[in-house]
Amino acid sequence: KGATLIGNGPDALLRVSRIGNNLELDRGVGTCGKDGQSVPVGVGMPTIRLDALTVGGTQA
Numbered sequence: 373k374g375a376t377l378i379g380n381g382p383d384a385l386l387r388v389s390r391i392g393n394n395l396e397l398d399r400g401v402g403t404c405g406k407d408g409q410s411v412p413v414g415v416g417m418p419t420i421r422l423d424a425l426t427v428g429g430t431q432a
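For my numbering, add 372 to where a residue sits in the sequence shown, where the first one is 1.
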């Protein structure tokens with residue numbers, strides 16, 4: 373909580389060095405829509421390890 377990850381997605385993907393086998397899906401995240409139409413969307417991913425990541429924030 374209260375952390376800021378600094379960087380960009382494509383750069384982070386190049387730094388993935390491990391991928392876990394614990395994939396979990398959350399089907400209740402929200403909706404995506406256009407022109408008054410919408411469909412439910414979800415997200416999911418396993419635990420990953422990045423070789424480097426800049427993290428910043430302040431203590432709560």
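All residues carry an ideal CB built from backbone N, CA and C; glycine is no exception.
- [ ] Could you tell me which residues DSSP pairs with residue 388 in its beta bridges?
- [x] Note: residue 388 sits in a beta bridge opposite 422.
Open item on the list: Taking a contact to mean a Cβ-Cβ separation below 8 Å, would you say residue 416 touches residue 385 in this structure?
Closed with: Cβ distance not < 8 Å, so residue 416 and residue 385 don't count as in contact.
TODO: Given a cut-off of 8 Å, decide if residue 420 and residue 392 are closer than it, judged by their beta-carbon atoms.
DONE: A Cβ-Cβ contact shorter than 8 Å links residue 392 with residue 420.
- [ ] For the beta strand (DSSP E) holding residue 377, just list the boundary residues, first then last.
- [x] It spans 375 to 378 - the beta strand (DSSP E) in which residue 377 sits, taken as one unbroken run.
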